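Student: If you read the sequences in order, they're chains A and B.
Sequential numbering of the first sequence, starting at 1, is according to the numbering used here.
Sequential numbering of the second sequence, starting at 1001, is according to the numbering used here.
Before I ask anything, here is the structure I am working with.
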Amino acid sequence: MRFVATLIALPLLLSPLAQASSLLKPAGKPDALLPADEAFVLQGATRKGQAITIDWSIAPGYYLYRHALKVTVDAPAGAPFAGPALPAGAKVQDAEFGEVEIYRGSLAAQLTLPADAQAPRTLRVRYQGCADIGVCYPPQTRLVAVK
Amino acid sequence: MSGFSRQAALVAAIAFTAGAAGFWVARWMPSDPPVVASAPSPKTAVDGDIEGQPAPALSLPDTDGKLRTLKDWPGQWLLVNFWATWCSPCMHEIPALIATQTKYAKDRLQVVGIAMDDPDAVRTLMREKGFNYPSLVGDEAVQQIMERFGNTLGALPYTVLISPDGIVRYLELGGVDEPKLDALMARFLPQ
């Protein structure tokens, strides 16, 4: 009798434990990787006066390389700007590339527009990063409308 | 009420109570769905269904510009390594791949690199690192090929073992080292 009752009740009582255990899985498993657009969320480009700021949100456990970040104007072609000005990144010693700068958490890159120049409407942004578990994503290129 | 009926009623009562408790716990305790809904969603990076299946066909130029396919190495075990010069973990595993090519060539193993990169950068790096195996080169085409080989996110490095009958035997996302490759060869290559 007790045995039958235990058989019935046990799975029901253990189900919350099973749910909790899935939260305890190591986050470093390759099968739990984020797609590039969720690891490195390009939030947009915003103009204020003569400055355009491009913002990223970077998921925990992922990072972007400073040296791999490039910005060009897509439209109108040839619209001038200075930059991007990038904040100092965290300096890390890469086993293959030597000292590199990386960004975690968030990144804001700033472009400066010359006075009286035609402002860019669309930027072409290229960036590349990796996950701490030891894989890297191909360079990502995105067209971003300036708002 | 007979003894059996009393037992059945008691079991039903316990089951109902446990079910209600389970419902209450599931309703009020923090659980996976709200966490997933408000956070980025990890996805399966490798579709393991390709293991045991015929390797998808591919055709890419090598560093001399000559178009190559996997059929260029008939009767060989192929260790196909997707890599790039901008990928630090890819660079890190190259010595292990070179050593594996040296050690297991007699066992009909051929390492084949597939670089998602610029051909000039690949040629230069292959010289610097002393590659003893060939590498094919491409850009977006390499990403599409990786997807067909089960790598759904395009992350590197990615290594695939294919047996001489053209069947995919093993997939590895992330870096490999010599002990891991030795273990892989011991597991799959005929002794």
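Beta carbons are placed, not taken as given, at the ideal position from N, Cα and C, and that holds for glycine.
The structure displayed is predicted, hence computed values, not measured ones.
Indicate whether at least one CB of chain B lies closer than 8 Å to the CB of Leu-33/A.
Tutor: Looking up residue 33/A in the first sequence gives position 33. Closer than 8 Å to some Cβ of chain B, the Cβ of Leu-33/A qualifies, so yes.
Student: Can you tell me whether DSSP reads Val-1168/B as helix, strand or coil?
Tutor: The residue given as residue 1168/B occupies position 168 in the second sequence. If DSSP states are grouped into helix, strand and coil, Val-1168/B belongs with the strands.
Student: By DSSP, does Thr-1102/B sit in helix, in strand, or in coil?
Tutor: In the second sequence, residue 1102/B corresponds to position 102, counting from 1. DSSP places Thr-1102/B in helix when its eight states are reduced to three.
Student: Cutting at 7 Å between CB atoms, please list the residues of its own chain near Pro-1119/B, excluding the five before and the five after it.
Tutor: Here residue 1119/B refers to the residue found at position 119 of the second sequence. Excluding sequence neighbours, Pro-1119/B sits near Thr-1063 and Val-1137.
Student: Any idea what DSSP makes of Cys-1087/B, helix, strand or coil?
Tutor: Position 87 of the second sequence, counting from 1, holds the residue named residue 1087/B. Three-state DSSP puts Cys-1087/B in coil, outside helix and strand.
Student: Contact between the stretch 39 to 53 of chain A and the stretch 138 to 146 of chain A: three or more CB pairs below 8 Å?
Tutor: Segments in contact, yes.
Student: According to DSSP, simplified to helix, strand and coil, what is Asp-1049/B?
Tutor: Within the second sequence, numbered from 1, the residue matching residue 1049/B stands at position 49. Three-state DSSP puts Asp-1049/B in a helix.
Student: Return the CA-CA distance between Gly-28/A and Glu-101/A, expressed in angstroms with no decimal places.
Tutor: Counted from its first residue, the first sequence places residue 28/A at position 28. Counted from its first residue, the first sequence places residue 101/A at position 101. In this prediction, Gly-28/A scores a pLDDT of 40, lower than 50, which makes its location untrustworthy; the coordinate-derived value is nonetheless stated afterwards. Going by the C-alpha atoms only, they are around 22 Å apart.
Student: To the nearest angstrom, how far is the alpha carbon of Val-1111/B from that of Ala-1105/B?
Tutor: Start at 1 with the first residue of the second sequence, and residue 1111/B comes out as number 111. Start at 1 with the first residue of the second sequence, and residue 1105/B comes out as number 105. If I take the Cα positions, the gap works out to 9 Å.
Student: State the CB to CB distance for the pair Leu-1079/B and Thr-1152/B, rounded to an integer number of angstroms; the pair is presumed to be in contact (CB under 8 Å).
Tutor: Taking the first residue of the second sequence as position 1, residue 1079/B is located at position 79. Taking the first residue of the second sequence as position 1, residue 1152/B is located at position 152. The pair is not a contact, with the Cβ atoms about 21 Å apart (cut-off 8 Å).
Student: Take Thr-152/A and list the residues in its own chain whose beta-carbon comes closer than 6 Å to its own, dropping the five residues that flank it on each side.
Tutor: Beyond the ends of chain A as shown, which are 1 and 147, falls residue 152/A; an answer cannot be given.
Student: Whole angstroms is fine: what's the gap from Leu-1173/B's alpha carbon to Ala-95/A's?
Tutor: As a first step, residue 1173/B must be located in the second sequence, where it is residue number 173. As a first step, residue 95/A must be located in the first sequence, where it is residue number 95. Spanning the two alpha carbons is a distance of roughly 19 Å.
Student: Which residues, in order along the stretch 89 to 118 of chain A, keep a beta-carbon less than 9 Å from a beta-carbon of chain B?
Tutor: Cβ contacts with chain B come from Asp-94, Ala-95, Glu-96, Phe-97 and Val-100.
Student: Start and end of the alpha helix (DSSP H) containing Gln-1144/B?
Tutor: Residue numbering aside, residue 1144/B sits at position 144 when the second sequence is read from its first letter. Element bounds for Gln-1144/B: 1140 to 1148.
Student: For a cutoff of 8 Å on Cβ pairs, would you count Met-1126/B as touching chain A?
Tutor: The sequence position of residue 1126/B within the second sequence is 126, counting from 1. Not one chain A Cβ lies under 8 Å of Met-1126/B.
Student: Does any CB atom of chain A fall closer than 8 Å to the CB of Ala-1204/B?
Tutor: For residue 1204/B there is no data in the structure shown, the boundaries of chain B being 1001 and 1191.
Student: Taking only beta-carbon positions, decide if Val-151/A is within less than 8 Å of chain B.
Tutor: Coverage of chain A is limited to positions 1 through 147, which leaves residue 151/A absent and any answer about it impossible.
Student: Does the beta-carbon of Thr-1124/B have 16 or more other beta-carbons within 10 angstroms, so that it is buried, or is it exposed?
Tutor: On the second sequence, residue 1124/B is found 124 positions in, with the first residue counted as 1. Exposed, by the Cβ-count rule.
Student: Please look up how many angstroms separate the CB atoms of Phe-81/A and Pro-35/A, rounded, as I've assumed it's under 8 Å.
Tutor: Residue numbering aside, residue 81/A sits at position 81 when the first sequence is read from its first letter. Residue numbering aside, residue 35/A sits at position 35 when the first sequence is read from its first letter. Wrong, their Cβ atoms sit about 30 Å apart, outside the cutoff.
Student: Are any of the Cβ atoms in chain A nearer than 8 Å to that of Ser-1173/B?
Tutor: Position 173 of the second sequence, counted from the start, is the residue given in the question as residue 1173/B. A small correction: the amino acid at residue 1173/B is Leu; Ser does not occupy that position in the sequence shown. Closer than 8 Å: yes.
Student: Excluding five sequence neighbours on each side, which residues of the same chain lie with their C-beta closer than 6 Å to the C-beta of Ala-85/A?
Tutor: Taking the first residue of the first sequence as 1, we reach residue 85/A at position 85. If we look at Ala-85/A and ignore the five residues flanking it on each side, its Cβ neighbours are Gln-110.
Student: Would you say Ser-21/A reaches chain B, if we count a Cβ-Cβ gap shorter than 8 Å as a contact?
Tutor: Indexing the first sequence from 1 puts residue 21/A at position 21. Because Ser-21/A carries a pLDDT of 30, less than 50, the predicted location of this residue cannot be relied on, and no value is offered for it.
Student: For the stretch 1064 to 1090 of chain B, list every residue whose C-beta sits within 9 Å of some C-beta in chain A, in sequence order.
Tutor: Result list: Ala-1084, Trp-1086, Cys-1087, Ser-1088, Pro-1089 and Cys-1090.
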